[in-house]
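To start, the structure itself, in structure tokens.
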Amino acid sequence: MRETSARLLRLLSLLQTRRDWSGAELAARLSITTRTVRRDVDKLRDLGYPVDATVGVGGGYRLGAGAEMPPLLLDDEEVVAVAFALQAGANDSVTGIGEAATRALVKLRQVMPSRLRHRLAALEVEVVDRRPAASAVDAGLLSAVAAVCHDHQRLRFDYRTHDGEFARREVEPYRLVRSRLRWYLVAWDVGREDWRTFRVDRMEPKIPTGPRFTPRELPPGGAAEFVARGIRRSAAQVRARVLLHAPFDEITPKVDDDWGSVELVDDASCAVVLDGRSLESIAGWLRAFDVDFTVLYPPELRGACRALAERHTQLAARYERA
229 MRETSARLLR
239 LLSLLQTRRD
249 WSGAELAARL
259 SITTRTVRRD
269 VDKLRDLGYP
279 VDATVGVGGG
289 YRLGAGAEMP
299 PLLLDDEEVV
309 AVAFALQAGA
319 NDSVTGIGEA
329 ATRALVKLRQ
339 VMPSRLRHRL
349 AALEVEVVDR
359 RPAASAVDAG
369 LLSAVAAVCH
379 DHQRLRFDYR
389 THDGEFARRE
399 VEPYRLVRSR
409 LRWYLVAWDV
419 GREDWRTFRV
429 DRMEPKIPTG
439 PRFTPRELPP
449 GGAAEFVARG
459 IRRSAAQVRA
469 RVLLHAPFDE
479 ITPKVDDDWG
489 SVELVDDASC
499 AVVLDGRSLE
509 SIAGWLRAFD
519 VDFTVLYPPE
529 LRGACRALAE
539 RHTQLAARYE
549 RA
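All residue numbers in the sequence shown are consecutive under the numbering used here, ending with 550.
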């Protein structure tokens with residue numbers, strides 16, 4: 229009986245992880261026959277879990293919608309991952325969820341098997357208190373914006389620009405995107421008739437929301453890529469191409485996609501394209517690679533590199549005299 233009950237829980241867990249399962253797939257995962265799968269599905273139905281079945285080629289099972297919520301079943305690794313994330317504290321980019329995370333962790337600990345409580349205790353961490361990032365967003369605001377994205381409702385808000393002024397905007401909201409410690413909304417700007425990204429920490433939504441809209445096709449690459457391109461454009465006031473006298477595999481891990489790219493030249497060298505706010509900042513990044521290099525363009529970067537080298541030489545000489 230205990231073996232059957234454990235198998236039913238395992239079956240329920242599998243049905244929660246994927247929308248559709250064939251009888252053969254479930255049988256293979258549970259090491260039973262398809263006939264036993266059918267019997268176990270019937271037992272789940274008797275217990276009140278709505279399991280839908282389809283017949284014919286490609287038929288199978290799925291967990292249907294019902295009045296009762298099935299229990300949340302997590303395997304050992306999933307339990308530890310959730311608990312550790314709660315224990316580590318709220319992300320610096322979101323405020324207003326610290327107390328809720330603590331309450332959830334207490335409840336999770338209460339139902340944990342002892343073997344998992346011991347594993348979590350071994351991962352005990354302390355978080356240094358610090359102020360949230362300047363761009364942190366309240367969890368309630370994120371939830372409200374996410375809701376209008378899901379419901380396809382127009383959103384009106386006052387938006388704080390770079391110079392501190394506020395402007396009223398009306399958009400068709402589509403996706404929330406997080407990049408490091410900042411949250412962005414990808415939306416179709418009704419007034420400008422074009423796609424735009426908005427920093428959520430600069431938004432003050434107005435209630436009630438607007439009418440529903442018919443979703444448009446997102447820009448090429450999707451919402452995340454659209455935001456990434458915008459970030460790169462804002463940061464790329466200058467661009468440089470430099471030949472690094474080092475293997476491609478050595479340099480690639482050091483280059484972030486947000487500000488650069490690496491191209492293979494030969495076994496002993498590669499070329500990097502770097503975007504930055506100034507040639508001086510790019511010169512500083514080149515120093516961090518700690519390899520010989522040749523500036524391909526712009527030629528003005530060579531002067532910035534020489535100026536940086538002279539500055540470090542002066543500092544070294546001053547230190548030696550001290």
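Ideal placement from N, C-alpha and C gives every residue a C-beta, glycine not left out.
What residues match up with residue i in a beta bridge as DSSP calls it?
| i | result |
| --- | --- |
| Gln-381 | Arg-440 |
| Cys-498 | Leu-472, Leu-492 |
| Asp-422 | Asp-417 |
| Asp-366 | Thr-323 |
| Val-466 | Gly-504 |
| Arg-559 | In the structure displayed, the chain extends from 229 to 550; residue 559 sits before or after that span and is not available. |
Would you identify the three-state DSSP class for residue i, choosing helix, strand or coil?
| i | result |
| --- | --- |
| Gly-251 | helix |
| Tyr-525 | strand |
| Glu-296 | With a pLDDT of 49 at Glu-296, under the threshold of 50, the predicted position of this residue should be treated as unreliable, though the coordinate-derived value follows. Here Glu-296 sits in coil by DSSP. |
| Gly-326 | helix |
| Arg-505 | coil |
| Met-431 | strand |
| Asp-417 | strand |
| Tyr-547 | helix |
| Arg-397 | strand |
| Trp-487 | coil |
| Ala-281 | strand |
| Asp-391 | coil |
| Asp-303 | coil |
| Glu-538 | helix |
| Asp-520 | coil |
| Arg-246 | coil |
Could you check whether residue j and residue i sit closer than 9 Å to each other, using their CB atoms as the reference points?
| i | j | result |
| --- | --- | --- |
| Arg-440 | His-380 | yes |
| Leu-240 | Trp-249 | no |
| Arg-427 | Trp-416 | no |
| Gln-465 | Gly-512 | no |
| Ala-361 | Ser-321 | yes |
| Val-376 | Val-414 | no |
| Leu-507 | Ala-532 | yes |
| Thr-245 | Ala-255 | no |
**Prompt:** Counting pairs of beta carbons, one from the region 457–472 and one from the region 520–537, are three or more of them closer than 8 Å?
**Reply:** Under the three-pair Cβ rule at 8 Å, the region 457–472 counts as touching the region 520–537.
Whether or not the region 440–450 and the region 388–406 are in contact is what I'm after, with contact meaning three or more pairs of Cβ atoms, one per stretch, closer than 8 Å; do they touch? The region 388–406 makes contact with the region 440–450: 3 or more CB pairs, one atom from each, lie closer than 8 Å.
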